[in-house]
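As given, the protein sequences belong to chains W and P, one line each in that order. Residues in the first sequence are numbered from 45 upward in steps of one, following the working numbering. Residues in the second sequence are numbered from 79 upward in steps of one, following the working numbering. We put the beta carbon where it would ideally sit given N, CA and C, even for glycine. On a predicted model such as this, the values are computed, not experimentally measured, just so you know.
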Amino acid sequence: MSGQVDNSAEAKGWHSVVNDWAADQRTFRVSWGKLMMWIFLLGDTFIFSIFLISYMTVRLSATDAWPNASQVFELVVFGHTVPLFLIAIMTFILITSSGTMAMAVSCAYRKQKKLAVYLMLATAVLGASFVGMQAFEWSKLIADGVRPWANPMGAAQFGAAFFMITGFHGLHVSAGVIYLLVVARKLSRGDYDQRGYEIVEISGLYWHFVDLVWVFIFAFFYLW
Amino acid sequence: MSADHAQQHPISLYFKVWGLLFLLSFFSYMVDYLQLQGPLRWTLVLIFMLLKAGLILSVFMHVKWERLALQLLLFVPLFAIVVFIALMAVEGDYTHALRLLYFSQQ
Numbered sequence: 045m046s047g048q049v050d051n052s053a054e055a056k057g058w059h060s061v062v063n064d065w066a067a068d069q070r071t072f073r074v075s076w077g078k079l080m081m082w083i084f085l086l087g088d089t090f091i092f093s094i095f096l097i098s099y100m101t102v103r104l105s106a107t108d109a110w111p112n113a114s115q116v117f118e119l120v121v122f123g124h125t126v127p128l129f130l131i132a133i134m135t136f137i138l139i140t141s142s143g144t145m146a147m148a149v150s151c152a153y154r155k156q157k158k159l160a161v162y163l164m165l166a167t168a169v170l171g172a173s174f175v176g177m178q179a180f181e182w183s184k185l186i187a188d189g190v191r192p193w194a195n196p197m198g199a200a201q202f203g204a205a206f207f208m209i210t211g212f213h214g215l216h217v218s219a220g221v222i223y224l225l226v227v228a229r230k231l232s233r234g235d236y237d238q239r240g241y242e243i244v245e246i247s248g249l250y251w252h253f254v255d256l257v258w259v260f261i262f263a264f265f266y267l268w
Numbered sequence: 079m080s081a082d083h084a085q086q087h088p089i090s091l092y093f094k095v096w097g098l099l100f101l102l103s104f105f106s107y108m109v110d111y112l113q114l115q116g117p118l119r120w121t122l123v124l125i126f127m128l129l130k131a132g133l134i135l136s137v138f139m140h141v142k143w144e145r146l147a148l149q150l151l152l153f154v155p156l157f158a159i160v161v162f163i164a165l166m167a168v169e170g171d172y173t174h175a176l177r178l179l180y181f182s183q184q
């Protein structure tokens, strides 16, 4: 260093932050589309955090016993009662879809357009099957008598928290499936051939975020 | 562009992370399957959760290869959430105590 100020983009650590926020300079060295997706996801993080925090608050303050998720979500498979059976499959499906999406992004940057389209379609199919299983889970719980205001297993707040949190997440997955299908179609049609394939990475960010939220829902709602 | 640079990773990296995520999900499922209870259960659930979230964020979402300015944009605001969790944990306990005090049937 020796008193020299490094103004270049190659500066490391806090130096690079000061440089990036300094005057006459754009702060974030990413495209605006990617940056806006990140800022949207940051806002979404706060929405999901507020849901999970309110779930924590009602669960802490409930005087009735909280229903045991392990038993509420168990299924009988080939004569055996397996706890959280469908939830575990849904978790693996969402992780797999995140894997195929990551590879689609990688392929898009290698200019392997066809492969990227197929991987995005695979991601969308996996996402749609996740939503289908969630619909099954909802119908089963509704048939068992779980309502947003009451349920036969214990604390009344269980239903409200369940439908609100998984419903909002399911809505995100459904929107993501549509988003991926639209981008995949435009990609295969050649709409992005001039501009480059960064849109695949941007839609990928959204998809990975949906998977990320599920990691927290799985831990706090189903396993706690 | 750093974005282009960030994409030059071998596909094998994604397969490795995918495998790790599968393994961690399996472990967290086993926590429930083996019916571990109490502080051990909560610690394991939290550890597996944070490891999975970290892997998805850093590798799949490429945060690891982004500039520090963007990383700070994403992680500094989360401090507000941590504060909110602490406040509402206190509040929840307080409401619980009030309910036991004034609304419990004798």
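Count the other C-beta atoms from every protein chain shown that fall within 10 angstroms of the C-beta of residue i, then say buried if there are 16 or more, exposed otherwise.
i	result
P:H140	buried
P:M79	For P:M79, the pLDDT reaches just 40, beneath the cut-off of 50, and the residue's location in the model is therefore unreliable, although a value from the coordinates is still provided. Exposed is the call here.
W:H124	exposed
W:E242	buried
P:M166	buried
W:M145	buried
W:A179	exposed
W:I246	buried
W:F122	exposed
W:N63	buried
W:F54	Residue identity check: residue 54 of chain W is Glu in the sequence provided, not Phe. W:E54 is exposed by the Cβ-count criterion.
P:L91	exposed
W:M147	buried
W:S40	Any question about residue 40 of chain W goes unanswered here, given that chain W covers just 45 to 268.
P:L148	buried
P:Y172	exposed
W:I131	buried
P:F153	exposed
Can you tell me the Cβ-Cβ gap for residue i and residue j, rounded? I've got them flagged as a contact below 8 angstroms.
i	j	result
W:F129	W:E118	7 angstroms
W:M197	W:V116	6 angstroms
P:F93	P:F126	With a Cβ gap of about 20 angstroms, P:F93 and P:F126 do not count as contacting.
W:L231	W:V161	6 angstroms
W:C151	W:L163	6 angstroms
P:L129	P:L102	6 angstroms
W:S60	P:L146	5 angstroms
W:Y250	W:M134	W:Y250 to W:M134, Cβ: 19 angstroms. No contact.
Mind checking who residue i pairs with in its DSSP beta bridge?
i	result
W:T101	Answer is none; W:T101 lacks a bridge partner.
W:L119	W:V126
Give the residues of chain P in contact with residue i, contact being defined as C-beta atoms less than 9 angstroms apart.
i	result
W:A172	Those do not exist, as W:A172 stays about 20 angstroms from chain P at its closest Cβ, beyond 9 angstroms.
What does residue i reach in chain P if we use C-beta pairs closer than 7 angstroms?
i	result
W:F72	A147 and L148
W:M81	Result: empty, since nearest Cβ-Cβ is about 10 angstroms, beyond 7 angstroms.
W:D288	A question about residue 288 of chain W goes unanswered here, because the residues of chain W that appear run from 45 up to 268.
Using a Cβ cut-off of 7 angstroms, pull out every chain W residue sitting near residue i, in sequence order please.
i	result
P:V161	The premise fails here: P:V161 is roughly 11 angstroms from chain W at the closest Cβ pair, so nothing lies under 7 angstroms.
P:D109	Residue identity check: residue 109 of chain P is Val in the sequence provided, not Asp. Neighbours of P:V109 on chain W, chain order: L267.
P:F157	What P:F157 touches in chain W: nothing, since even the nearest Cβ is about 12 angstroms away.
P:K130	V259
Which residues of chain W have a Cβ atom closer than 8 angstroms to the Cβ of residue i, listed in chain order?
i	result
P:W143	Result: empty, since nearest Cβ-Cβ is about 11 angstroms, beyond 8 angstroms.
message = Could you tell me which whole alpha helix (DSSP H) segments of length 4 or greater appear in the stretch 123-158 of chain W?
response = Within the stretch 123-158 of chain W, the complete alpha helix (DSSP H) runs of at least 4 residues are 129-153.
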